[in-house]
Amino acid sequence: MTESVTTTASTSAGTGKPFLELKNLQVHFPTDDGLVKAVNGLSFTLERGKTLGIVGESGSGKSVSSLAIMGLHKGSRAKVGGEIWLDGAELVGMSVPEIRRLRGQQVAMIFQDPLSAMHPFYRVGDQLVEAYRVHNEVPKSVARKRAIDLLDRVGIPSPDKRFFDYPHQFSGGMRQRAMIAMALMCDPQLLIADEPTTALDVTVQAQILDLMMDLQKEFNSAIVIITHDLGVVAQMAQDVVVMYGGRVVEAGPVREIFYRPEMPYTWGLLGSIPRVNRGGDHRLKSIRGTPPSLINLPKGCPFQPRCDYQQHVEGHSCTGEVPDLLQIGTEDHRVRCHIETGQRKKLFTEQIKPNL
Amino acid sequence: MTLGVSEDLPPDGGLPADGLAETAEAKQIEGRSLGQIAWARLKKDKIAVISAVIILLIIAVAIFAPLIVKINGFPPDQFNKLDSDGNPLLNTRDGGIPIGGLWGSGTSTEHWLGVEPQNGRDVFSRLVYGTRVSLLVALGGTLIAIVLGTVIGMVSGYFGGWVDTLLSRLMDIMLSFPSLLFIMALTPVVADRGQDLLGIPDDNRLRLGVLMFVLGFFGWAYLARIVRGQTLSLREREFVEAARSLGAGPMYVIFKQILPNLIPTLLVYTTLLIPGNITAEAALSFLGVGIKEPTSSWGRMIADASDWIESNPLYLFFPGIALFITVLAFNLLGDSVRDALDPRAGRS
Amino acid sequence: MGRYLIRRLLQTVVILWVISAITFFLFWITPANPALLICGKNCNTETIATVNATFGFDDPLIVQYGTYMKGLVSPTGRDIGSEGSERNCAWPCFGESYQNGIPVWDSISDAFPATFWLAIGAATIWLFFGVMLGLLAALRKGKALDKLSVGLALFGVSFPTIVFGYLLLFLFIVKLKWIPFPDTANAALFEVGPVKWLQFYILPWITLALVFAALYTRLTRANMIDTMNEDYIRTARAKGLGEGTVIFKHGLRSALTPIVTIFGLDLGGLLGGAVITEQIFSITGLGKFAIDSVLGNDLPAIMGVVLFAAIFIVLANVVVDVLYAVIDPRVRLS
Ligand SMILES: Nc1ncnc2c1ncn2[C@@H]1O[C@H](COP(=O)(O)OP(=O)(O)OP(=O)(O)O)[C@@H](O)[C@H]1O
Ligand code: SF4
Ligand SMILES: [Mg+2]
């Protein structure tokens, strides 16, 4: 499997290597019930200053992949394979002390659930200060100034007072912001945001996304944003990776994926976003069936048990073999599906698009 | 001194009845109930099987005590002075310690575990009969505690309001009692009262009942608290709501719908209570407030033997080992049961 | 906080009052004629009548209860004895022993230090070993050290105190003779010096500590394993913190919080007497006093020691609640 989705045509100047590159990443968890294959050959690249969106339904392996980039599976039972290259260094084989120096400093992560991701017994401010002082030998007062400064920038009112609050005294949105502030304490070059706006109301969501984009401009950081929300992707990202059952099933530039999607699963995802301008009798459709068991992945195409378009494939390939992730067209758009490209395009324009 | 059983039980009782549904494996093993899964896990667990066999053996010993004692031919209360050849068993000049045997315990082919100093009663027979007392009191006490705890907890959680307030306070108060001290102080008093009320003489039949009652009475409060909490949350669940909207009475809902969901919790708590109660009965008899002479009880035997620890240590060890093995077997089985019922087990 | 404390203390008073009432009525409705216990062999109708008058046994139960409570509450205690020959029983008056006429409070305060040292020493031991073993086991989960700790803990909880205590006594006192037979005189630290004192207490400490150490090992292990799976531990690692900081500052801090609660309650429970350990090693503490009183049918003494122990448990509850709020900022006292 040498499938790779290059996010932009240009690679970073000089080295010729992309800033972040995942090659065939695999994360498996041995459990009593069998091997949970959470990520199976995930590949993508990302440049500085760019944003990559990862979408996919719950359990598709989004968080597990991002934890792998942080090296946070090290020391657990998880088996991680493949390669992760960040700014010329390989992370999968890196020792814990080495990767620890990168954590927080070069790669930072905004975790999915900010209430459980913050220590309940320490003040929010102190947790930010700690994040700064691991990598910067400065007196507490300096770190505190920076923490208050960042709390201010992420829009926490009276940050000098809120500095002394405990996480449970913050509202959900404020915790999310504090989490972002914490991730930004050391100006990371790569920021992984795992559903940073889930469960926030629309106004707060917009503010937080704006904030991340501002910060990206300022530091030229790369951002990986994981979300269920395709609207967020449209707003933030240049490229999208659609994950299903621990694999990339479709990837490419945002407008390609949004306006010319070719994979039935992506069609389903697009069909499930609510749109204001949708006509009255168009119902919101959800994808039928349940996510695949990661212990016994379906043979053939992982989406096969739920796919309504198998009749467009000759023979039994859908149940027989895993389709390859193949590039279509010129725009670096890659799709994993046995249906012929032309047929897919036809299906999309004739059957799917009118209903979106 | 482990009457408070609580410590390693998770505060919420640990076993949401439907906890398993949330795990990935439930999707795998669809259609199998928690009980079946737990049973399958238990059968695979070697330690569980071994300890279950030991426990069954101990129970068999208790049930067939008279038969077993027939084999060696010495009733537990019989004072033996001479062996079958007419030689004295006890050294009357030396305070009555047994003659010969391993470490001055008087063990022989007739008296397998030796004889009691001074009286010459057969230690093996007394040990076998002691099993009865130990198990009877522990199981009886556990049963009372479980029944009281379940009923009070369910009533408290189901009805809420002032009933709940009252019962919850009662639980608080029960848990504030220094239980071992209280049990110790109360056993003779209750025996006295029982004698008076029931007209039964204060013999060991009454004592057995009293011990069960006292252990049960001081053991229910913690369980009631857990049961109350679970009932509170079960009450809100759809199937209970549905049954109620169809006009099911409280008794039906409590016993037919809530109780079955509490079974894992009750099982776990039972496995914690039994070894605790075995230890407690031994402790009480050891202190002289439990079973009285001439009925044999392991605790009593240890107390008697403690006077002879220098001249005849084995006399102390036999009941000690019996007690230890019994408690260990119950604890091991309890641990396995808890693991088997734990929906999180096998994950992470 | 202040408000909460006051409310909590009021609650405590109510609970103590209920416990005292229950205790009193449970013990006092015994049919055994207390007068018989007091005059012993010299009893005849006349002496019994005198005794009854002296101790107020002829009064209705409720009056007797009132008298008893007065002794506990009134700063001047209460008077004991019939008219003309009253003597004052100073506050806190738990009455006088039937067996020897000594005020129960005096016996309790005499017995308390021995129990106190026993409990404190044992608590130190079990806390240290329990937390250490539990922590090591959690950090080496699934490895040999973990299995060893889990096995030891199971062994420990299954070792009944009476068996373990006598095993130690036999091994170290009878067989190896490393330690002399317990002599109550050696319980007094300031009179016999530290060596004899330690020799006196070391085995009882270990005996008493075993079960608790085993329970705390399990508890620490379970809590620590749960905690180390928490999201905030992952966050701590994601910050780039060293594993030591992650374990001790972020992990252990959370894992130990519930243990503080249980420790408070356990210690509180033991200050009312560790009956079996005291009995095995002939320590004249509250536990021994309690069992002697029970065996001697000495009602005022039994009542006194049970109430005294209950006070410790109830107070320990309050202390623990307040402590918990101090440790865990999420708990608000209101
Ligand atoms: N430690 C683990 N042990 C076993 N299985 C795990 C473990 N961690 C994650 N998994 C499994 O891996 C799969 C992918 O999980 P992941 O958290 O990456 O999903 P996700 O795409 O982030 O979903 P969501 O959108 O709900 O956050 C899930 O099925 C999960 O059960
Ligand atoms: S490969 Fe077959 S099953 Fe998979 S998405 Fe394409 S049509 Fe559907
Ligand atoms: Mg996730």
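Chains as they are written, first to last, in the working numbering: chain U, 239 to 594; chain Y, 811 to 1158; chain C, 55 to 388.
Backbone N, C-alpha and C fix where the C-beta goes; we use that ideal spot for every residue, glycine too.
Worksheet item: Under three-state DSSP, which class holds M481/U?
Response: strand
Worksheet item: Any chance the CB of Q549/U is under 6 Å from a heavy atom of ligand 2?
Response: no
Worksheet item: alpha helix (DSSP H) containing F267/U: first to last residue?
Response: Segment 258-269 is the beta strand (DSSP E) holding F267/U; no alpha helix (DSSP H) there.
Practice prompt. Give, in chain order, every residue of the segment 368-396 of chain U whose Cβ lies closer than 8 Å to some Cβ of chain C.
Written response: E368, A369, V372, H373
Discussion item. I'd like to check one pair, G951/Y with L1025/Y: are the Cβ atoms closer than 7 Å?
Written reply: yes
Worksheet entry | Same chain, Cβ closer than 8 Å to L199/C, five either side skipped, listed in chain order | L190, A191
Discussion item. Using beta carbons (cut-off 7 Å, strictly below), is S986/Y in contact with chain C?
Written reply: yes
Worksheet item: What in chain Y is Cβ-close to Q333/C, meaning under 8 Å?
Response: F1096, L1097
Discussion item. What residue range does the alpha helix (DSSP H) around F282/U cover?
Written reply: From DSSP, F282/U is part of no alpha helix (DSSP H) but of the beta strand (DSSP E) over 272-284.
Item to complete: With a threshold of 16 other CB atoms inside 10 Å of the CB of N458/U, please say whether the residue is buried or exposed.
Response: exposed
Worksheet entry | Cβ shell of D398/U (< 7 Å), same chain only, five flanking positions each side left out | I386
Worksheet entry | Inter-stretch contact (C-beta, 8 Å, three-pair minimum) for the segment 280-296 of chain C and the segment 333-349 of chain C | no
Worksheet item: Distance, Cα to Cα, A836/Y vs D270/U?
Response: Bear in mind that the predicted position of A836/Y carries a pLDDT of just 40, short of 50, making it unreliable; the figure below should be weighed with that in mind. Looking at the two C-alpha atoms, the distance is approximately 13 Å.
Practice prompt. Verify the CB distance criterion: does T289/C have a CB-CB separation below 7 Å to chain U?
Written response: yes
Worksheet item: Within this structure, are the beta carbons of P988/Y and A168/C separated by less than 7 Å?
Response: no
Discussion item. Measuring only the C-alpha atoms, how far is K537/U from D974/Y?
Written reply: 55 Å
Discussion item. Tell me which residues of the segment 272-296 of chain C have at least one Cβ-Cβ distance to chain U shorter than 8 Å, keeping chain order.
Written reply: E284, D285, Y286, R288, T289, A290, R291, A292, K293, G294, L295, G296
Discussion item. So, does the segment 225-236 of chain C touch the segment 1133-1149 of chain Y, judging by three or more C-beta pairs under 8 Å?
Written reply: no
Practice prompt. Please name the residue or residues paired with D133/C in a DSSP beta bridge.
Written response: N142/C
Worksheet item: How would you write the range of the beta strand (DSSP E) that A460/U sits in, first residue to last?
Response: 460-464
Worksheet item: Taking 7 Å as the CB-CB limit, is M408/U close to chain C?
Response: With the sequence shown as reference, residue 408/U is identified as Phe, and Met is not the correct amino acid for it. Judged by the 7 Å Cβ criterion, F408/U is not in contact with chain C.
Worksheet item: When you compare only the Cα positions, how much space is there between L64/C and S524/U?
Response: 58 Å
Worksheet item: Could you give the residue range of the alpha helix (DSSP H) that holds A364/C?
Response: 353-381
Worksheet item: Does the count of Cβ pairs from the segment 297-311 of chain C and the segment 267-287 of chain C closer than 8 Å reach three?
Response: yes
Practice prompt. With a threshold of 16 other CB atoms inside 10 Å of the CB of N1071/Y, please say whether the residue is buried or exposed.
Written response: buried
Worksheet item: Does the separation of the CB atoms of S944/Y and I1088/Y fall below 7 Å?
Response: yes
Practice prompt. Identify which residue in L844/Y, T997/Y, V933/Y has its Cα closest to the Cα of G883/Y.
Written response: V933/Y
Worksheet item: Would you say L991/Y and A344/C are within 7 Å of each other, going by their C-beta atoms?
Response: yes
Worksheet item: Mind listing which residues of the segment 370-386 of chain C have their C-beta closer than 9 Å to chain U's C-betas, in chain order?
Response: I381, D382, P383, R384
Worksheet item: Does V1137/Y have its Cβ less than 7 Å from a Cβ in chain C?
Response: yes
Discussion item. What does DSSP give as the partner residue(s) for T610/U in the beta ladder?
Written reply: Summary: the structure shown does not reach residue 610/U, with chain U confined to residues 239 through 594, and so no result is reported for it.
Practice prompt. Verify the contact flag: S281/U, CB atom, against every heavy atom of ligand 3, threshold strictly below 6 Å.
Written response: no
Worksheet item: Quick one: is Y547/U buried, meaning 16 or more other Cβ sit within 10 Å of its Cβ, or exposed?
Response: buried
Worksheet item: Does the beta carbon of W994/Y sit closer than 7 Å to a beta carbon anywhere in chain C?
Response: The sequence given here has Met at residue 994/Y, not Trp. Yes, M994/Y lies at the interface with chain C (some Cβ there is under 7 Å from its Cβ).
Discussion item. Given this structure, state the Cα-to-Cα distance separating W323/U from I1068/Y, to the nearest angstrom.
Written reply: 55 Å
Practice prompt. Report, in whole angstroms, the separation of the C-beta atoms of P998/Y and V925/Y, which I expect to be a contact under 8 Å.
Written response: Going by Cβ atoms, the distance from P998/Y to V925/Y rounds to 30 Å, so no, they are not a contact pair.
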